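Just so we're aligned, residue 13 is where the sequence shown starts under my numbering, counting upward by one. By construction, the Cβ of each residue, glycine as well, lies at the ideal position given by its N, Cα and C atoms. Predicted, not measured: the structure shown is a model, and the values here were computed from it.
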Amino acid sequence: MPREREDDHGADGLARARYCADCASWRVVTPCPVCGADLVAEDEGEDAPVAGAARGPSRGEFTLRLLREVAPSLPGALVCALLSGGVLASQTLLPFGDLDWPPRIVAGFVACAWLLERARAARTQGADLDMIALGGVLLRALYLLPALVGILTLHPAAVPVAVVFALLGPLLLAALAGEEPLTDLAPRALAQALLATDGYARYAALSSVGLAAVLVALGWDEGDPLWRGPAIGLGAALAGTAAGLSRRSAERTPE
Ligand SMILES: [Zn+2]
Numbered sequence: 013m014p015r016e017r018e019d020d021h022g023a024d025g026l027a028r029a030r031y032c033a034d035c036a037s038w039r040v041v042t043p044c045p046v047c048g049a050d051l052v053a054e055d056e057g058e059d060a061p062v063a064g065a066a067r068g069p070s071r072g073e074f075t076l077r078l079l080r081e082v083a084p085s086l087p088g089a090l091v092c093a094l095l096s097g098g099v100l101a102s103q104t105l106l107p108f109g110d111l112d113w114p115p116r117i118v119a120g121f122v123a124c125a126w127l128l129e130r131a132r133a134a135r136t137q138g139a140d141l142d143m144i145a146l147g148g149v150l151l152r153a154l155y156l157l158p159a160l161v162g163i164l165t166l167h168p169a170a171v172p173v174a175v176v177f178a179l180l181g182p183l184l185l186a187a188l189a190g191e192e193p194l195t196d197l198a199p200r201a202l203a204q205a206l207l208a209t210d211g212y213a214r215y216a217a218l219s220s221v222g223l224a225a226v227l228v229a230l231g232w233d234e235g236d237p238l239w240r241g242p243a244i245g246l247g248a249a250l251a252g253t254a255a256g257l258s259r260r261s262a263e264r265t266p267e
């Protein structure tokens with residue numbers, strides 16, 4: 013049984029939530045009831061005084077934790093930014109007038125690959141750009157590419173696809189990036205993951221922001237690749253991290 017420490021309680025008896033990185037979840041008891049990590053020793057050292065009595069994390073705490081999860085992915089985001097920015101630059105540098113779509117599609121593939129790789133790494137707490145996993149990730153990026161680039165066509169059928177990605181983005185992306193995507197993508201498995209995720213709406217909002225940044229940068233005609241590349245790299249990193257973290261918390265949440 014998890015043991016609550018007395019100093020975790022404020023004057024009004026509410027426990028303060030602390031972040032468990034292993035579970036990507038906020039816990040009000042320490043050690044973490046799921047993985048057993050000592051959450052006080054991890055980020056506060058000594059027995060810190062309990063400030064306030066917030067049940068969940070404040071927005072600042074959540075943002076700080078998110079940045080700590082995203083920050084290690086910056087080298088990968090840079091690679092993605094250089095590749096996609098370079099491809100998009102060919103749009104303006106090549107002496108053809110109507111070559112909008114080929115660079116956009118290739119840059120979209122780079123974005124999909126980086127997004128899924130980031131989701132895989134965040135979900136498993138693994139390293140980015142793992143060469144052993146990269147082959148499978150590249151293959152799955154081909155599955156994701158038509159949906160993502162299809163939204164850019166602004167065809168009427170793109171609207172429901174965009175809505176699905178806004179609502180279910182973290183679920184679908186993390187399932188696609190997992191080791192058994194066919195099993196994870198089954199409706200029942202998706203529903204279970206949704207119910208088990210801590211704070212799903214927050215992850216869905218973050219992944220929507222990331223996906224929107226990628227789509228705007230890809231679709232912006234004649235925009236400068238100097239900002240479009242970084243927007244794609246960072247947007248995909250954010251969306252992938254949100255997807256991976258949501259699934260990590262779902263996998264570690266007890267019944
Ligand atoms: Zn934990």
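Asked: Just mark residue 199 as buried or exposed, buried being the case when its beta carbon has 16 or more other beta carbons within 10 Å.; Found: exposed
Asked: So what's residue 263 in DSSP terms, helix, strand or just coil?; Found: helix
Asked: If you drop the 5 nearest sequence neighbours on each side, which residues of the same chain put their C-beta closer than 8 angstroms to that of residue 228?; Found: 243
Asked: Within the chosen definition, does the region 216-234 reach the region 246-261 through at least 3 CB pairs nearer than 8 angstroms?; Found: yes
Asked: For residue 121, I'd like the list of residues in its chain whose CB is within less than 8 angstroms of its CB, leaving aside the five on either flank, ordered along the chain.; Found: 153, 154, 157
Asked: Confirm the yes/no value for this check: CB of residue 49, any heavy atom of ligand 1, distance under 7 angstroms.; Found: yes
Asked: Roughly how many angstroms separate the alpha carbons of residue 71 and residue 179, rounded to a whole number?; Found: 21 angstroms
Asked: If we cut at 8 angstroms on Cβ distances, does residue 247 have a partner in chain C?; Found: The question asks about chain C, but that chain is absent: this structure has only one protein chain.
Asked: Since residue 186 and residue 264 are thought to touch, with beta carbons under 8 angstroms apart, how far apart are those beta carbons, to the nearest angstrom?; Found: That pair is no contact at about 13 angstroms.
Asked: Does DSSP classify residue 27 as helix, strand or coil?; Found: strand
Asked: With DSSP as the reference, label residue 92 as helix, strand or coil.; Found: helix
Asked: Counting beta carbon pairs with one atom in the region 139-147 and one in the region 87-104, are three or more of them shorter than 8 angstroms?; Found: yes
Asked: Would residue 50 pass as a contact of residue 43 if the rule is Cβ separation under 8 angstroms?; Found: yes
Asked: CB-CB under 6 angstroms to residue 100, same chain, minus the five flanking residues each way: which ones, in chain order?; Found: 115, 119, 237, 240
Asked: Can you list, in chain order, the residues of its chain with a C-beta nearer than 8 angstroms to that of residue 98? Leave out the 5 residues immediately preceding and following it.; Found: 237, 241
Asked: Can you list, in chain order, the residues of its chain whose CB lies under 8 angstroms from that of residue 233, leaving out five sequence neighbours each side?; Found: 112
Asked: Taking the continuous beta strand (DSSP E) assigned at residue 38, which residues delimit it?; Found: 37-39
Asked: Note down the Cα distance separating residue 202 from residue 48, rounded to an integer number of angstroms.; Found: 26 angstroms
Asked: Run through DSSP, which three-state label would residue 44 get?; Found: coil
Asked: Any heavy atom of ligand 1 closer than 7 angstroms to the beta-carbon of residue 34?; Found: yes
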